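> Quick note, the sequence shown lines up with residues 0 to 398 if you use numbering that gives the first Met the number 0. All C-beta atoms in this analysis are idealised placements derived from N, C-alpha and C, irrespective of residue type, glycine included. Because the structure is a prediction, the values reported are computed rather than measured. Shown below is the structure under consideration.
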Amino acid sequence: MRICAVTAFPPSRAGIADYGAHLARRLARDQRVQRVTVLADRAPGAPRRERAGGVDVHRVWRRDSLSTCATLLSAVQSVRPDVVWFNLGVTMFGTRLSAAAGGLVAPLLTSMLGYRTVVTLHELPALTNLPALGFRPGALRLGLSLAPRLVLRADLVVVTLGHYRRYLMERHGAGNVRHIAHGAYNEPECADEPAQETVLVFGTFGPHKDPGVVAEAVARLRRRGRVVRLLVAGADNPRYPGFMSACRERHGLNGSWIGYVPAERLGALFARATVVVVPPLASTGSSGVIYRAMSHGRAVLASDLLDYRALAQDENLALAWFEPGNPADLAAALEALLDDRKRRQRVVQHNLEAMKRLGPAQTVEAYLAEFANGDARMSYPHMLPGRDPIQVLERSGER
Numbered sequence: 000m001r002i003c004a005v006t007a008f009p010p011s012r013a014g015i016a017d018y019g020a021h022l023a024r025r026l027a028r029d030q031r032v033q034r035v036t037v038l039a040d041r042a043p044g045a046p047r048r049e050r051a052g053g054v055d056v057h058r059v060w061r062r063d064s065l066s067t068c069a070t071l072l073s074a075v076q077s078v079r080p081d082v083v084w085f086n087l088g089v090t091m092f093g094t095r096l097s098a099a100a101g102g103l104v105a106p107l108l109t110s111m112l113g114y115r116t117v118v119t120l121h122e123l124p125a126l127t128n129l130p131a132l133g134f135r136p137g138a139l140r141l142g143l144s145l146a147p148r149l150v151l152r153a154d155l156v157v158v159t160l161g162h163y164r165r166y167l168m169e170r171h172g173a174g175n176v177r178h179i180a181h182g183a184y185n186e187p188e189c190a191d192e193p194a195q196e197t198v199l200v201f202g203t204f205g206p207h208k209d210p211g212v213v214a215e216a217v218a219r220l221r222r223r224g225r226v227v228r229l230l231v232a233g234a235d236n237p238r239y240p241g242f243m244s245a246c247r248e249r250h251g252l253n254g255s256w257i258g259y260v261p262a263e264r265l266g267a268l269f270a271r272a273t274v275v276v277v278p279p280l281a282s283t284g285s286s287g288v289i290y291r292a293m294s295h296g297r298a299v300l301a302s303d304l305l306d307y308r309a310l311a312q313d314e315n316l317a318l319a320w321f322e323p324g325n326p327a328d329l330a331a332a333l334e335a336l337l338d339d340r341k342r343r344q345r346v347v348q349h350n351l352e353a354m355k356r357l358g359p360a361q362t363v364e365a366y367l368a369e370f371a372n373g374d375a376r377m378s379y380p381h382m383l384p385g386r387d388p389i390q391v392l393e394r395s396g397e398r
C-alpha cells in the first residue's frame, strides 16, 4: 500500500504536526505499507525534501496561501498513492478564510480524482467554544462552521471522540464517519515519582491555554507552606507568537520555564513530574498531552471540559478535574491529589492498562483497516467524467 499523508509536520510545533509525524512514521514501519509520502508545510530552514523516520517528506504547501489546494492536487498526482490521508485541523491551512477553505476542499477534490481519501478531523467548530479560542464573529468563524460539510465529501472521515461521530451522523446525516481513538504515542512505561512534588504543564500555549492559572494555583499552595516545584514545557501556539515571553514575565515563570522539548526527551520530562495539569479554557478535540502523560505513568488533572469528559468516558480513563480558569479550584484539586499517593497510584495503574489497548500498534491497525476498505478502487485513479477538479478550482479562483 502506498500512502500519501497531508499534514503539518515538524519542525512545526503544532500538536497536529506531532500526531501526523507520529502516525506517518508508525504506518511506514508496517510490512503492508510499501511507501509513505508526507506532503507537509514549508518551514524556515527545513529542506524541501528529506527522508525522515522512514517516510519521504515533501514540503510543498504554505499556511495562508491561496495556491495550497492546487499545489496539493499536483503533488498527490505525482506521488500516485493508493490512499490519501488528510490529518486536519480546521485552521491547519491558515486563518484567512480563503486559504483555510481552499485547503479544506482538497479532500473532496482528491476523492473526485478517484483516490481513496480518508480525513482525520481533530476538531468540530460547532462543538467548540470559538470565542475562548480567540475567534471573533466574522467570515472566518462562519467559514469554520462550514468545514465539516467540506470534509464529509471525502470517502471516510475519522474523528477521535465518539460524540463527534454522533454529532456528524445526527446533524449532517453522515454515514461515512468512524471513531478511532487518538491513541498513545508510545508503549506504556512508568518511572518512579520524583522526590520533590512537581507539577508539570506541557503543550502549545496561548490565551486559551495559559500556564499562568497553574502558576497561580502553585503559588497558593506555597503560601500555605507546601514545597512544590512547577515546570512549564512547550512552545507558543502558532497563532500566538510571543505569548510565552509575556506570560513568563507576567507570572515570574523564568525559573520554571523549560521551553520546547523534542519527542525523544519527553519520557525524561514526564519522569520529573508528580502530576500533569492540562489547563485549557476551551478544547479542540482530544488531547495528545493527556495520552502522553498517561502512557508515561503520570496522574492527570484536567480542565472540566466536554471533550475531555467525553475522552475519559470513551476510553475508560481516570482523570481528576478542576473548573477551567479557576486557580483556587485548581489549587484545591492539586492539594487533594498531592496529598493522596495511593490515589495517584490507583489512577496511574488504571490508565496504564488503558494505554495497552490504545497503543501505537492498535491505532495503526485501525487506520490500515479503513485505508484497505478502498482497495476496490484502481491503484492509479482516473478522472471521473464530468467531475474535473481543476475546473472546480478555476471557478473558485484558485488558479
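Taking residue 346 as part of the alpha helix (DSSP H), name the residues at either end of that continuous run.
Unbroken alpha helix (DSSP H) run through residue 346: 340-355.
> Determine the contact status of residue 337 and residue 319, defining contact as a CB-CB distance below 7 angstroms.
For residue 337 and residue 319, no; Cβs fall outside 7 angstroms.
> When DSSP builds the beta bridges, which residues end up paired with residue 49?
Answer is 56, bridged to residue 49.
> Between residue 1 and the rest of its own chain, which residues show a CB-CB distance below 6 angstroms, the 5 nearest in sequence each way excluded?
Counting only Cβ-Cβ distances below 6 angstroms, and skipping sequence neighbours, we find 33, 34, 80 and 81.
> To which residues does DSSP link residue 178 through a beta bridge?
BP columns for residue 178 point to 158.
> Cα separation between residue 345 and residue 310?
So the two alpha carbons sit approximately 19 angstroms from each other.
> State the Cα-Cα distance for the pair residue 166 and residue 269, rounded to the nearest angstrom.
Cα-Cα distance, rounded: 35 angstroms.
> Residue 212 to residue 366, Cα distance in whole Å?
If I take the Cα positions, the gap works out to 37 angstroms.
> At which residue ranges does the segment 241-280 contain complete beta strand (DSSP E) runs of 3 or more residues, listed in the order of the chain?
Counting whole runs of 3 or more residues, the segment 241-280 contains the beta strand (DSSP E) stretches 256-258 and 274-277.
> Curious, which full-length beta strand (DSSP E) runs of at least 3 residues does the segment 70-116 contain?
Runs of the beta strand (DSSP E) inside the segment 70-116: 82-87.
> For the candidate residues 216, 106, 107 and 83, whose alpha-carbon lies nearest to that of residue 300?
Out of 216, 106, 107 and 83, 216 has the C-alpha closest to the C-alpha of residue 300.
> Are the segment 15-27 and the segment 238-249 in contact at 8 angstroms, needing three or more beta carbon pairs?
With the cut-off at 8 angstroms, the segment 15-27 and the segment 238-249 do not touch.
> Could you check how far apart the C-beta atoms of residue 106 and residue 150 are, in whole angstroms? I think they sit under 8 angstroms.
At roughly 6 angstroms, the Cβ-Cβ gap stays under 8 angstroms, so residue 106 and residue 150 are in contact.
> Excluding the 5 residues flanking residue 93 on each side, which residues of the same chain have their C-beta closer than 6 angstroms to its C-beta?
These residues qualify, in order along the chain: 62, 63 and 99.
> Please report the distance separating the alpha-carbon of residue 176 from that of residue 168.
Their backbone Cα atoms lie some 7 angstroms apart in a straight line.
> Could you pull the DSSP bridge partners for residue 286 from this structure?
According to DSSP, residue 286 bridges with nothing at all.
> If contact is defined by three or more beta carbon pairs under 8 angstroms, each pair taking one atom from either stretch, is the segment 321-335 in contact with the segment 216-226?
Yes, since at least three Cβ pairs between the segment 216-226 and the segment 321-335 fall closer than 8 angstroms, the two stretches touch.
> Alpha helix (DSSP H) containing residue 23: first to last residue?
That run of the alpha helix (DSSP H) goes 14-28.
> Between the alpha carbons of residue 293 and residue 343, how many angstroms are there, rounded?
If I take the Cα positions, the gap works out to 11 angstroms.
> Give the DSSP-derived three-state secondary structure of residue 228 in the structure shown.
In this structure, residue 228 counts as strand in the three-state DSSP scheme.
> Do you know whose CA, among 264, 124 and 161, lies nearest residue 146's CA?
Of the candidates 264, 124 and 161, the one whose C-alpha sits nearest the C-alpha of residue 146 is 124.
> Mind checking residue 297: buried by the 16 CB within 10 Å criterion, or exposed?
It is buried - the Cβ of residue 297 has at least 16 other Cβ atoms within 10 Å.
> When the Cα atoms are used, what is the spatial distance from residue 4 to residue 205?
Each residue's alpha carbon lies about 28 angstroms from the other.
> Which class does residue 211 belong to by DSSP, given the choice of helix, strand or coil?
If DSSP states are grouped into helix, strand and coil, residue 211 belongs with the helices.
> Thinking C-beta only, is residue 334 closer than 7 angstroms to residue 155?
Going by C-beta atoms, residue 155 is not nearer than 7 angstroms to residue 334.
> Over the uninterrupted beta strand (DSSP E) stretch that includes residue 197, give me the two end residues.
Taken as a continuous stretch (DSSP letters only), the beta strand (DSSP E) holding residue 197 covers 197-204.
> For residue 1, list the residues DSSP reports as bridge partners.
According to DSSP, which records beta bridges pairwise, residue 1 is partnered with 34.
> Taking C-alpha atoms, which residue in 322, 363, 323 and 295 lies nearest to residue 354?
Nearest C-alpha to residue 354: 295.
> Tell me the residue span of the alpha helix (DSSP H) that contains residue 149.
It spans 146-150 - the alpha helix (DSSP H) in which residue 149 sits, taken as one unbroken run.
> Residue 75 to residue 190, Cα distance in whole Å?
Between residue 75 and residue 190, the C-alpha separation is close to 43 angstroms.
> Taking all protein chains shown into account, decide if residue 192 is buried (16 or more other Cβ within 10 angstroms of its Cβ) or exposed.
So residue 192 ends up on the buried side.
> Going by DSSP, which residues form a beta bridge with residue 298?
274.
> Check for me: the alpha helix (DSSP H) holding residue 321 runs from which residue to which?
Premise fails: residue 321 lies in the beta strand (DSSP E), 319-321, not in any alpha helix (DSSP H).
> Could you please give me the residues that DSSP links to residue 235 through a beta bridge?
Looking at the DSSP assignment, residue 235 forms a beta bridge with 204.
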